[in-house]
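Counting from 368, one number per residue, gives the positions in the sequence shown under the working numbering. Every residue, glycine too, gets a C-beta built ideally from N, C-alpha and C. Quick caveat, the model's predicted, so the values are computed rather than measured. Worksheet: one structure, shown below.
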Amino acid sequence: MSTNAVRGIDAKAAPVDMKFEIVVLPVTDVERAKQFYIKLGWRLDADYDDGKDFRIIQLTPPGSACSVIFGKNLTPAAPGSAQGLYLVVSDIEAARRNLLDRGVQTSEVFHNDGVYAGTDEPFLFGRVRVNGPDPEHRSYRSFASFRDPDGNGWLFQEITTRLAGRLDPAATTFASASDLANAMRRAEAAHGEHEQRIGAADANWPDWYAKYMVAEQAGTELPT
Numbered sequence: 368m369s370t371n372a373v374r375g376i377d378a379k380a381a382p383v384d385m386k387f388e389i390v391v392l393p394v395t396d397v398e399r400a401k402q403f404y405i406k407l408g409w410r411l412d413a414d415y416d417d418g419k420d421f422r423i424i425q426l427t428p429p430g431s432a433c434s435v436i437f438g439k440n441l442t443p444a445a446p447g448s449a450q451g452l453y454l455v456v457s458d459i460e461a462a463r464r465n466l467l468d469r470g471v472q473t474s475e476v477f478h479n480d481g482v483y484a485g486t487d488e489p490f491l492f493g494r495v496r497v498n499g500p501d502p503e504h505r506s507y508r509s510f511a512s513f514r515d516p517d518g519n520g521w522l523f524q525e526i527t528t529r530l531a532g533r534l535d536p537a538a539t540t541f542a543s544a545s546d547l548a549n550a551m552r553r554a555e556a557a558h559g560e561h562e563q564r565i566g567a568a569d570a571n572w573p574d575w576y577a578k579y580m581v582a583e584q585a586g587t588e589l590p591t
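Following this line, the structure appears as structure tokens:
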């Protein structure tokens, strides 16, 4: 008999949904942090102050299902100790320009060179930053970074095609109109190559676009 069975747990039971929705940021000046994240264009969801010694603020990045909270007497973590917080974007150059236009200092776009030992700040795939996006424009491989006033560290990561198994292929969603438009542009470019291969205009392009966009997001084989 399995351990799970002994504990009265049916190992075949459907998993319980567990939606990751909150990241706690340690900050020193609550109002300064609030204004910074509002400047990023993040949605202010809540600002509760009991008038004594407790305050909590919640903001959400555009298109995100996960929010950040910070405040007074909320966490014992040292201000600025939250590092390696990833914001996934479909167009890293556009995301970087957006922050620069808002007056937020942001690094150049960079990629890795496969070296895990070095003097640069650690990030996914290494710690030696090479200027410019990934030469092959692979998903997961291009980054840019910025910090909030306390030094909490954020990274943009560009993802256009998910690795297989990362998303439910039966559920295709887009976080924003911008993400949907970018997916349509990529489908348009791929469809142009498809028409060149078949040597004719494809009147059934809506179905082809749909199959391409669903496959791209799910990480399954793309139509050709």
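Helix, strand or coil at Asp-417 [DSSP, three-state]:
For the purposes of this step, residue 417 is taken as the residue at position 50 of the sequence shown. Coil.
Please name the residue, chosen from Ser-474, Asn-571 and Thr-527, that lies closest to Asp-515 on a Cα-to-Cα basis.
For the purposes of this step, residue 515 is taken as the residue at position 148 of the sequence shown. Nearest in C-alpha terms to Asp-515, of all of Ser-474, Asn-571 and Thr-527, is Ser-474.
Please list the segments of the beta strand (DSSP E) lying wholly inside the segment 460 to 523, counting only runs of 3 or more residues, in order along the chain.
Complete beta strand (DSSP E) runs here, min 3: 477 to 479, 496 to 498 and 509 to 514.
Cutoff 6 Å; reference Thr-527; Cβ partners in own chain excluding five residues on either side:
On the sequence shown, position 160 is the one that residue 527 refers to. So the qualifying residues of the chain are Ser-457 and Ser-506.
When DSSP builds the beta bridges, which residues end up paired with Ser-434?
For this step, residue 434 is matched to residue 67 along the sequence shown. According to DSSP, which records beta bridges pairwise, Ser-434 is partnered with Ile-389.
Using CA coordinates, which residue listed in Gly-499, Arg-469 and Gly-481 is at the minimum distance from Leu-491?
Position 124 of the sequence shown, counted from the start, is the residue given in the question as residue 491. Here the closest residue by C-alpha is Gly-481.
If the criterion is Cβ atoms closer than 8 Å, does the pair Val-620 and Val-390 meet it?
For the chain, the structure presents residues 368 to 591; residue 620 sits outside this window and is missing.
What does DSSP give as the partner residues of Ile-423 in its beta bridges?
The sequence position of residue 423 within the sequence shown is 56, counting from 1. The partner list for Ile-423 (beta bridge, DSSP) reads Tyr-415 and Gly-438.
What distance in whole Å lies between the Cβ atoms of Trp-409 and Phe-395, which are believed to be in contact at a cut-off of 8 Å?
The residue labelled residue 395 in the question sits at position 28 within the sequence shown. The residue labelled residue 409 in the question sits at position 42 within the sequence shown. One point to set straight first is that residue 395 is Thr, not Phe, in the sequence displayed. Taking C-beta atoms under 8 Å as the contact rule, Thr-395 and Trp-409 fail to qualify, at a distance of about 19 Å.
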